[in-house]
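Peer 1:
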Amino acid sequence: KVPVPVVVLSFVPPNRMNSLGVNTLPRISVVLVILTVYESRLCDGAVPASCSWGCTPIKECKLIYRDLVSAKVARARDDNILLNKIISLIRGYICDDKAEKVCCPEYMGQFNNTITNTVNTVYAINRDTIVVRNNMEESRWTNSEVYFWREESCFPLLDYKVELDFNNVEEDEDSFEETKMLLPGTLSVEDIRCMAVMDGDTEVGYAHLAWAKRTPKNG
Numbered sequence: 008k009v010p011v012p013v014v015v016l017s018f019v020p021p022n023r024m025n026s027l028g029v030n031t032l033p034r035i036s037v038v039l040v041i042l043t044v045y046e047s048r049l050c051d052g053a054v055p056a057s058c059s060w061g062c063t064p065i066k067e068c069k070l071i072y073r074d075l076v077s078a079k080v081a082r083a084r085d086d087n088i089l090l091n092k093i094i095s096l097i098r099g100y101i102c103d104d105k106a107e108k109v110c111c112p113e114y115m116g117q118f119n120n121t122i123t124n125t126v127n128t129v130y131a132i133n134r135d136t137i138v139v140r141n142n143m144e145e146s147r148w149t150n151s152e153v154y155f156w157r158e159e160s161c162f163p164l165l166d167y168k169v170e171l172d173f174n175n176v177e178e179d180e181d182s183f184e185e186t187k188m189l190l191p192g193t194l195s196v197e198d199i200r201c202m203a204v205m206d207g208d209t210e211v212g213y214a215h216l217a218w219a220k221r222t223p224k225n226g
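Add 7 to a position in the sequence shown, counting from 1, and you land on the number used in the numbering used here.
1. For ASP206, which residues of its own chain have a beta-carbon under 7 Å away from its beta-carbon, when the five flanking residues on both sides are left out?
2. Terminal residues of the continuous beta strand (DSSP E) containing ASN133?
3. Once you ignore the five residues that flank GLU107 on each side, which residues in its own chain have a CB closer than 7 Å to its CB?
4. Under the assumption that ASP198 contacts ARG157 (Cβ atoms under 8 Å), give the Cβ distance between them as a whole number of angstroms.
5. Return the CA-CA distance between TRP218 and CYS68, expressed in angstroms with no decimal places.
6. Is TRP218 helix, strand or coil when you go by DSSP?
7. Please report the distance separating the alpha-carbon of VAL196 from that of TYR72.
8. Determine the DSSP secondary structure at ILE101, reduced to helix, strand or coil.
9. To which residues of the same chain is ASN119 closer than 7 Å at the C-beta, ignoring the five residues directly before and after it?
10. DSSP state of ASP74, grouped into three classes?
11. If contacts are defined as beta-carbon pairs under 8 Å, then TYR114 and TYR130 qualify, I think. What distance do you get, rounded to the angstrom?
12. When the Cα of ASP104 is compared with those of ILE122, CYS62, LYS168 and LEU189, which residue comes out closest?
13. For LYS92, collect the residues of the same chain with a Cβ closer than 8 Å to its Cβ; drop the 5 residues on either side in sequence, then sort them by chain order.
14. Among GLU159, SER160 and THR121, which residue has its Cα nearest to the Cα of ASN141?
15. What does the Cβ neighbour count give for ASP74, buried or exposed, with the cut at 16 atoms within 10 Å?
Structural data, given as structure tokens:
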């Protein structure tokens, strides 16, 4: 399913203040994007259109390796629905016909989901697309708005803090839905430090983000 192009708006409704102390009035560092939500359902052996940082041996990609472990557990439990879901996700990152290398997602931080009361993984899959791994109903994302900040001082009521050691990340074991967000305009995954998601006047969640090491290439 091909994602619909994002729509970038130059305004937001006035007088909106959320629990993070953020007044969502127009400002240069905040970009409002209508989220594009779709599932990655690729055929066997499919190769990603591009990999912004080169392919990685599958055993060296921590996120995908963790998925493989989850798939093994699902198979042991005869949970074929979950098994097929995980395998479908992994196929979307395969780089070669032998399935030995993947375009490894780059971990960027954790999304505090106030709707499901869970903490979800946020990672980049190329230089202009981020993903939130979650278990929230798609309908809650469809009409949501996402705000991005370049500055670390994005949420006045919270100290900026990001732990980029993926070994210390604890995910909700049921979070196998991928919500993909295409960054607008001149923003790249290296730039963003915070994001907040709103559904009307309801706060969906927020995240402090960081970029670890890789330099995304164009294309």
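Beta carbons are placed, not taken as given, at the ideal position from N, Cα and C, and that holds for glycine.
Peer 2: Walking through what the data contain:
1. Listed in chain order, the non-local C-beta contacts of ASP206 below 7 Å within the same chain comprise ARG147, ASN150 and SER151, local neighbours out to five positions each way being set aside.
2. 125-133 is the extent of the beta strand (DSSP E) around ASN133.
3. Correct list, in chain order: PRO64 and ILE65.
4. The beta carbons of ASP198 and ARG157 sit about 5 Å from each other, so the pair counts as a contact at 8 Å.
5. So the two alpha carbons sit approximately 16 Å from each other.
6. TRP218 falls in the coil class under three-state DSSP.
7. Cα to Cα, VAL196 sits roughly 23 Å from TYR72.
8. Strand at ILE101.
9. In its chain, beyond the 5 residues on either side, VAL126, GLY212, TYR213 and ALA214 have a beta carbon closer than 7 Å to the beta carbon of ASN119.
10. In the structure shown, ASP74 falls within a helical segment according to DSSP collapsed to helix, strand and coil.
11. Contact check for TYR114 and TYR130: beta-carbon distance about 5 Å, within the 8 Å limit, so the pair qualifies.
12. Comparing Cα-Cα distances from ASP104 to each of ILE122, CYS62, LYS168 and LEU189, the minimum goes to CYS62.
13. The beta carbon of LYS92 sits closer than 8 Å to the beta carbons of PHE183 from its chain, once the five residues preceding and following it are set aside; these are given in chain order.
14. Of the listed residues, the one whose Cα sits closest to ASN141 is THR121.
15. It is buried - the Cβ of ASP74 has at least 16 other Cβ atoms within 10 Å.
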